[in-house]
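Colleague: For reference, the structure I am asking about is given below.
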Amino acid sequence: MLKCSFCGRRAVYNRRYAGTLLCDRCMVKSVERRFRRAMGEHRLVSPGERVAVAVSGGKDSVTCTHLLADYCARKNCELVTVTVDEGVKGYREKSLPIARENAELLGVEHFVVSFEQAFGATLDKIVKLAKRRKTEFNPCTYCGVMRRSLLNQAARELGADKLATAHNLDDEVQAIMLNYIRADFSRLYRLGPSYQPREGFVPRIKPLREIPEKEVALYALLRGIKVHLGVCPYAGGIHTEIRDFLNQLETNHPNSKFMILRMFDRMKPHLIAAVPEFEMRKCEVCGEPTSTSICKSCELLQGLGLKQGQKTLISAKSLVNIAAS
Amino acid sequence: MTKLGEITVKVRVIGQRAARKVRVPQKTRITDLLDQLGQNRETVVVRLNGKIAAEEERLADGDSVEILTVVTGG
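Written out as structure tokens, the structure reads:
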């Protein structure tokens with residue numbers, strides 16, 4: 002039997018990048034410590050603030066919600082949860098009830114906002130339209146842009162001071178690599194533990210940024226937290242290739258993911274110095290903040306022949322009532 | 015039939031296929047089994063006889079191994 006490097010109990014995890022074995026208790030404590038360190042070191046949340054956390058029902062967002070609920074209770078902050086229902090048949094309807102269950106368990110308000118309400122089409126429909134029109138974009142492009150836009154609107158509507166997303170170490174390193182490969186400087190320099198955008202945007206924070214995806218999953222499993230472990234049917238393409246490459250790299254050379262992150266963090270101050278100045282405007286279609294005349298989500302929707310509608314926030318309880326009646 | 019120097023373990027990949035018996039050399043570690051099955055250790059959590067286990071744990075004859083894919087990205 003392998004023993005924990007710290008307490009001698011039965012080990013459940015070999016943290017190869019640190020050269021330590023961890024038992025269930027030490028693993029849980031370690032993840033919680035790393036979360037608190039990120040919150041404190043980067044001053045992600047201040048006492049008295051209202052924090053909106055984006056929760057899909059997956060392991061990362063549910064774990065982030067549990068950790069934030071505990072943290073906010075100690076720091077006298079208020080936490081609300083927001084789920085974006087993209088409208089992916091066979092996927093989101095399984096994870097959404099789990100997001101709601103966890104919010105109820107933690108006594109946190111839960112709001113749902115859907116693509117269909119806000120944009121007049123589900124992601125399934127958008128993908129069909131995109132295929133028919135033979136656009137150059139893949140489902141992740143539509144989903145990413147529109148989800149970010151909706152989350153920002155929802156967080157702002159809810160009066161949130163911060164918008165927390167559950168990006169873990171793997172997500173962040175994949176994003177660094179992807180933006181390198183695409184030579185996308187404007188997206189690259191925005192990466193980091195927090196991002197203070199221009200007016201009209203709610204500041205975003207990433208409390209799980211220094212926790213590997215596998216450790217987030219282990220934490221949820223060890224604590225018996227109910228999560229959805231399904232895979233989005235649209236996942237694929239270059240994101241998956243980069244993820245597989247990084248996991249193979251980490252297997253062969255432990256600590257690679259952290260080293261990529263650390264190097265990026267060291268370079269970031271120099272990148273910021275090279276950011277070109279731009280003027281913030283209001284989107285001519287929806288009024289949302291943008292650096293161009295039309296925001297990216299409206300541009301994508303127009304390319305599909307859709308027009309952005311009005312965003313509506315629905316509380317989780319009213320959604321249940323609608324389903325029951 | 016298990017050969018001399020080999021053990022048989024029951025393997026189940028959660029959500030993919032039914033349990034099956036796999037023959038591996040004695041003293042095989044979970045990580046070696048994952049390699050044999052084409053599973054990346056960075057993307058899975060393994061339950062050995064119902065309990066989450068470190069991938070360096072060695073397998074014994076008759077062990078039950080459950081593989082749960084937890085790194086899905088996207």
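These protein sequences, in sequence, are chains A and B. Numbered by the working numbering, the letters in the first sequence go through residues 2 to 326 in order. Numbered by the working numbering, the letters in the second sequence go through residues 15 to 88 in order. C-beta: ideal position from N, C-alpha, C; glycine also. These numbers come from a predicted model, not from an experiment.
Just the C-alpha distance for B:Val58 and A:Lys4, rounded to the nearest angstrom, thanks.
Modeller: For B:Val58 and A:Lys4, the distance between alpha carbons rounds to 20 Å.
Colleague: Looking at the C-beta of B:Ile66, does it have a partner C-beta in chain A at a distance below 8 Å?
Modeller: For B:Ile66, the answer is yes, since a Cβ of chain A falls inside 8 Å of its Cβ.
Colleague: Taking any Cβ of chain B, which residues in the stretch 6-20 of chain A have a Cβ under 7 Å from it, in chain order?
Modeller: So the close ones are Ala12, Val13, Tyr14, Asn15.
Colleague: Who are A:Leu192's beta bridge partners in DSSP?
Modeller: DSSP lists no partner for A:Leu192.
Colleague: Check whether the stretch 174-188 of chain A and the stretch 254-273 of chain A touch, using three or more Cβ-Cβ pairs below 8 Å as the test.
Modeller: Contact holds: three or more Cβ-Cβ distances are below 8 Å.
Colleague: Taking DSSP's pairing of strands, which residues face B:Lys35 in a bridge?
Modeller: Beta-bridge pairing links B:Lys35 to B:Lys24.
Colleague: Start and end of the alpha helix (DSSP H) containing A:Ile177?
Modeller: Its alpha helix (DSSP H) spans residues 170-182.
Colleague: According to DSSP, simplified to helix, strand and coil, what is A:Asn15?
Modeller: Reduced to three states, the DSSP call for A:Asn15 is strand.
Colleague: With distances taken Cα to Cα, identify the nearest neighbour of A:Pro277 among A:Arg183, A:Gly88, A:Ser187.
Modeller: With distances taken between Cα atoms, A:Pro277 lies closest to A:Ser187.
Colleague: If I'm right that B:Val38 touches A:Asn248 with Cβ under 8 Å, what's the distance once you round it to whole angstroms?
Modeller: Rounded, the Cβ-Cβ distance is 23 Å, inconsistent with contact.
Colleague: Considering only residues of the same chain and omitting the five flanking positions on each side of B:Asn63, which have a CB-CB separation below 7 Å?
Modeller: So the qualifying residues of the chain are Asp77, Ser78.
Colleague: To the nearest angstrom, how far is it from the Cα of A:Ser57 to the Cα of A:Asn153?
Modeller: Each residue's Cα considered, the two are about 15 Å apart.
Colleague: Along the chain, where does the alpha helix (DSSP H) containing A:Lys76 start, and where does it finish?
Modeller: Element bounds for A:Lys76: 60-76.
Colleague: Residues in its own chain within less than 6 Å of B:Thr42 by CB, not counting five upstream and five downstream?
Modeller: Answer for B:Thr42: Leu73, listed in chain order.
Colleague: Compute the distance between the beta-carbons of A:Val46 and A:Tyr220, then report whether it is under 8 Å.
Modeller: No, these two residues do not count as a Cβ contact at 8 Å.
Colleague: As a quick exercise: from A:Arg224, A:Arg244, A:Met40, pick the residue whose alpha carbon is nearest that of A:Lys163.
Modeller: Comparing Cα-Cα distances from A:Lys163 to each of A:Arg224, A:Arg244, A:Met40, the minimum goes to A:Met40.
Colleague: Does any C-beta atom of chain A lie closer than 8 Å to the C-beta of B:Asn63?
Modeller: Chain A, which has no Cβ nearer than 8 Å to the Cβ of B:Asn63, makes this no.
Colleague: In or out: A:Leu301 buried (at least 16 other Cβ within 10 Å) or exposed?
Modeller: That one is buried.
Colleague: My output table needs one value for A:Phe107: the three-state DSSP class, helix, strand or coil.
Modeller: Note that residue 107 of chain A corresponds to Leu in the displayed sequence, not to Phe. Three-state DSSP puts A:Leu107 in a helix.
Colleague: Taking only beta-carbon positions, decide if A:Ala218 is within less than 8 Å of chain B.
Modeller: Closer than 8 Å: yes.
Colleague: From the DSSP output, which residues share a beta bridge with B:Lys65?
Modeller: DSSP lists B:Leu62 as partners of B:Lys65.
Colleague: For A:Asp162, which three-state DSSP category applies?
Modeller: In the structure shown, A:Asp162 sits in coil (DSSP, three-state: anything other than H, G, I, E or B).
Colleague: Quick check: the Cα distance between A:Asn77 and A:Gly49, rounded to an integer number of angstroms?
Modeller: Straight-line Cα distance between these residues: approximately 5 Å.
Colleague: Counting only Cβ pairs nearer than 7 Å, list the residues of chain B close to A:Leu222.
Modeller: Residues of chain B passing the Cβ test: Val59, Ile66.
Colleague: Where A:Ala324 and A:Asp125 are concerned, what is the direct C-alpha to C-alpha distance, given to the nearest angstrom?
Modeller: Residue confidence is low: A:Ala324 scores 39 on pLDDT, short of 50, so the model does not pin down where it sits. No coordinate-derived value is stated.
Colleague: Whose Cβ in chain A lies nearer than 7 Å to the Cβ of B:Arg55?
Modeller: Correct list: Thr252.
Colleague: Comparing the C-beta of A:Leu22 with each C-beta of chain B, is any distance below 8 Å?
Modeller: Yes, contact with chain B.
Colleague: Classify A:Cys27 as buried or exposed, calling it buried when 16 or more other Cβ atoms lie within 10 Å of its own Cβ.
Modeller: A:Cys27 is buried by the Cβ-count criterion.
Colleague: Distance, Cα to Cα, A:Tyr181 vs A:Arg210?
Modeller: Between A:Tyr181 and A:Arg210, the C-alpha separation is close to 19 Å.
Colleague: Are A:Phe112 and A:Val83 touching if we call contact CB-CB under 8 Å?
Modeller: Yes, the pair counts as a contact, with Cβ atoms nearer than the cut-off.
Colleague: Mind checking whether A:Val114 and A:Leu80 have CB atoms under 8 Å apart?
Modeller: Contact: no.
Colleague: Mind checking if A:Val128 is an interface residue toward chain B, Cβ cutoff 8 Å exclusive?
Modeller: Cβ-Cβ to chain B under 8 Å: no for A:Val128.
Colleague: What number of angstroms, rounded off, separates the C-alpha of A:Glu105 from the C-alpha of B:Gln40?
Modeller: Computed Cα separation, rounded: 48 Å.
Colleague: What is the residue span of the alpha helix (DSSP H) that B:Thr45 lies within?
Modeller: Element bounds for B:Thr45: 44-51.
Colleague: Can you round the beta-carbon distance between B:Glu56 and A:Thr252 to whole angstroms, since I take them to be within the 8 Å contact cut?
Modeller: With a Cβ gap of about 6 Å, B:Glu56 and A:Thr252 count as contacting.
Colleague: Establish whether the CB of A:Glu214 and some CB of chain B are separated by less than 8 Å.
Modeller: Closer than 8 Å to some Cβ of chain B, the Cβ of A:Glu214 qualifies, so yes.
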